[in-house]
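Per the numbering used here, residue 888 is the first one in the sequence shown, and the count goes up by one each step.
Even for Gly, the Cβ is constructed at its ideal location relative to N, Cα and C.
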Amino acid sequence: MEFKIGAGGETKVIFVYKDEDLINDAYLYAKDRELISGKPAEVYSAIGKNDHVIFLGLGDRNKVSLEVLRKAFHALGKEAIKYKVKSIAVEIPQFEDLCYGMTVAAAVEGLLQSEYSYEKFLTEKKLKPALEEVFLTVAKDREDLVTDSIREIQNIAAGIFTARDLVNEPAINMYPEVLANSAKEELTALGVKVEVFGKEKIAELGMEAFLAVGRGSAKEPRFIVMSYAGNPEAKEKIALVGKGITYDSGGYCLKPAGSMKTMHTDMAGSASVIGVLKAIAKSKLKKNVVGIVAACENMISGDAYKTGDIIGSMSGKTIEVGNTDAEGRLTLADALWYATTVEKADKVVDIATLTGACIVALGNITTGAVTNNEAFMKDLKEASSMAGENVWELPGFEEYKELYKGTFADLSNIGKDGAGAGAIIAGLFLSEFVNGTPWIHLDIAGTSYTSSEYGYMPKGATGVPVKTLYYLVKGL
Ligand code: BES
Ligand code: MN
Ligand code: ZN
C-alpha cells in the first residue's frame, strides 16, 4: 500500500457524521433504506462502473478521536479488500482538539492494520490485499508534516507487525536461540547493536534465578541485549525489559491443557521490545534505548527446578520457589538487575505476560501497571492515550510488600496463602530488583493476545504495547 499526497484514485471516500445529512444521490438512497446512519466505522459502498464511492461513518463530528479514526479506516481497508478496490482518495479534515499529524497517522494506521493477518502456515491465503494506492488531500502548508507522519506510522506499524509475527510463531520454532536470532535479523541492519549471551556467560553474571527457570528445557537460555544509541551526546538511557518465556508449561506446577494452549505467547513482552526498537530505529529517534530479554522455556525434566527450591539471583537476594509457574518474575528479576546496574539505565519499563490475575482484574482490553515513580507513570499514561492502548495503574501500597516475604529465603515468588492481589504482588516483587531506578511494570497477559478479532485487532497476537512504548520513548 502506497500513500500519495494529492488528487487521484478510482474510489472516493466520503465521511458521514451522525445527524448530518449530505447532498448526494447515493447517500440519500442508502439513508432512505436505513443503510447508513453515520455511526463510527460504518461503511457503505456505492460502486458502479463509472462512479465509485465509499461512505465511511465517523459518528458525532465533535467526538471523533484517534481511536475512532483507526477503527473506521480499518473498516474502510476491509471494505476495499471486499470490493477489490485498488486506489482510494481521501480528504483528511482538521478535527477540533486533534493534532493534524496524529489524525493522518491514525487514518493511515487503520488502513495498514486492515492488511495484517498471520497466514504463514496457510497453504491458501485468506487475506488478499487489494489497496495499492491511497491519495490523501491535505492543505498545501501541511504536506511536509503529513509526509513525516505517514513515514513514522509506517515504521510503528512495521514494529507492531514484527511483534505479532514473533508472538504468533509456535514454540516448536520459536525458542530462545531463535528469538535471539530474530532480534539480530530485525535490528542489526537498522544500527541496533544486538549482543547475545549463552548459558556460561549467564552463569558468570550470577543470574541464578533466570537459570533456574530454564533448567528443565532441552533448549538453552539466551540473554539478549539490544542497544540503540540515537543520541550519543546524552547520557540518559531508558531500558525496556521484556519477559521472554518462549513456552510456559508451568513446570512441575503444570498448567492444565486449556491454559497451556497459548503459552507460546509468553514471550510477548520480549516481542514488543524487539518491535518497538525496530520502530524507534527506523524513525531514527534521538533517544538512547536498551532492550533486554532473558529468554528461556519453562519445562519439565529430571533437572527442572522444583517447588521448595531456594535459588539465588544476580542481585544477591535469595528466593523461595513457591510455584514453578510463577517463573516470569524470576527471569525478570535478573534482567531488571542487569538493566539497572550493568547497563545503568536511568529509567526502566518491564513488559510481561505476568499473571492470570491481571486478566481477572482488567480483562483483555486494559494493560495493568505498577510503578515506584508517579511522575514517570504520568508520562506513560499520556503515551498510552496517544496510542489508544488502555493502561490502568494498580496500587502499590507498602502493605502489599509484606505478602511476598520468604520464610527461609529473602523473598518468595508467590504471595502468602489467601493474599489475593496476584497482579500487584507479582509487580511489586519486581520492584525489589530495580536498584531504586524509576520503574514501570506493564502486565500484558490479557492485552497481548486475543482469541477473537475486535476493533483493528486481528485474531492472535495484538502487538500491544509497541505503540505506547514508542510514544513514551519519543516523549522523554
Ligand atoms: N504466563 C503466565 C501468566 C499468563 C496467564 C499469561 C494467562 C497469559 C495468559 C505466568 O507465568 C503464570 O503462570 N502466572 C501464574 C502465577 C501464579 C502461579 C502465582 C498465574 O497467573 O496463575
Ligand atoms: Mn507461568
Ligand atoms: Zn509465564
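- Around the CB of L1009, fewer than 16 other CB atoms lie within 10 Å, so the residue is classed as exposed.
- Straight-line measurement puts the Cα of E1276 at about 8 Å from the Cα of K1354.
- Between the C-alpha atoms of D1153 and K1130 there is a straight-line separation of about 7 Å.
- Beta-bridge pairing by DSSP links V1235 to A1126 and W1326.
- Boundaries of the alpha helix (DSSP H) around H961: L953 to K969.
- Counting other Cβ atoms within 10 Å of its Cβ, G1250 stays below 16 and is therefore classed as exposed.
- Looking at the DSSP output, T1024 bridges to E978.
- Here V951 is actually not in contact with L1023; their C-beta atoms are around 17 Å apart, not less than 8 Å.
- By the neighbour-count criterion, in which a residue is buried when 16 or more other Cβ atoms sit within 10 angstroms of its Cβ, F1084 is buried.
- Our two residues, G1156 and G893, have alpha carbons roughly 39 Å apart in a direct line.
- V1360 is the residue among V1360, G1305 and G1342 whose C-alpha sits nearest the C-alpha of E1269.
- Within 10 angstroms of the beta-carbon of V1176 lie 16 or more other beta-carbons, which makes it buried.
- In this structure, the beta-carbon distance from K1080 to S1114 falls below 7 Å.
- DSSP places D984 in the coil class of the three-state scheme, outside both helix and strand.
- Residues lining the ligand ZN by the Cβ criterion, that is a Cβ closer than 5 Å to any of its heavy atoms, are I1132, D1135, D1153 and G1215 in chain order.
- Secondary structure note for T1355: it is in no beta strand (DSSP E), and the uninterrupted alpha helix (DSSP H) holding it is V1353 to G1362.
- Here L1032 is near G988, since their CB atoms are less than 7 Å apart.
- Distance between G964 and P1057, taken at the CA atoms: about 28 Å.
- No heavy atom of the ligand BES is found nearer than 6 Å to the CB of G1347.
- For M1113, the enclosing beta strand (DSSP E) has its first and last residue at R1109 to A1116.
- When the beta-carbon positions are compared, T1218 and G1309 stay at least 7 Å from each other.
- Contact annotation, T898 with V972: C-beta distance approximately 5 Å; criterion of less than 8 Å satisfied.
- Taken through DSSP and simplified to helix, strand or coil, I1246 comes out as helix.
- As the crow flies, the alpha-carbon of A992 is around 33 Å from that of A1226.
- Take the alpha-carbon of T1034 and the one of Y1341: they are about 29 Å apart.
- For G895, same chain residues with a beta-carbon under 8 Å away, outside a window of 5 residues either side, are S974, A976, E1020 and F1022 in chain order.
- DSSP places F1316 in no beta strand (DSSP E) but in the uninterrupted alpha helix (DSSP H) bounded by G1309 to S1318.
- Burial of T1240 is indicated by the presence of at least 16 other C-beta atoms within 10 angstroms of its C-beta.
- Burial check for V1229: the Cβ neighbour count within 10 Å stays below 16, so the residue is exposed.
- In the structure shown, G946 falls within a strand segment according to DSSP collapsed to helix, strand and coil.
- The beta-carbon distance between D1221 and S1200, rounded to whole angstroms, is 6 Å. This is short enough to meet the 8 Å contact definition.
- The nearest non-hydrogen atom of the ligand BES is less than 6 Å from the C-beta of A1332.
- Around the CB of G1101, 16 or more other CB atoms lie within 10 Å, so the residue is classed as buried.
- In the DSSP annotation of this structure, the continuous segment of the alpha helix (DSSP H) that includes N1042 starts and ends at E1030 to N1055.
- Secondary-structure assignment with DSSP links T1258 through a beta bridge to I1327.
- DSSP places T898 in no alpha helix (DSSP H) but in the uninterrupted beta strand (DSSP E) bounded by T898 to Y904.
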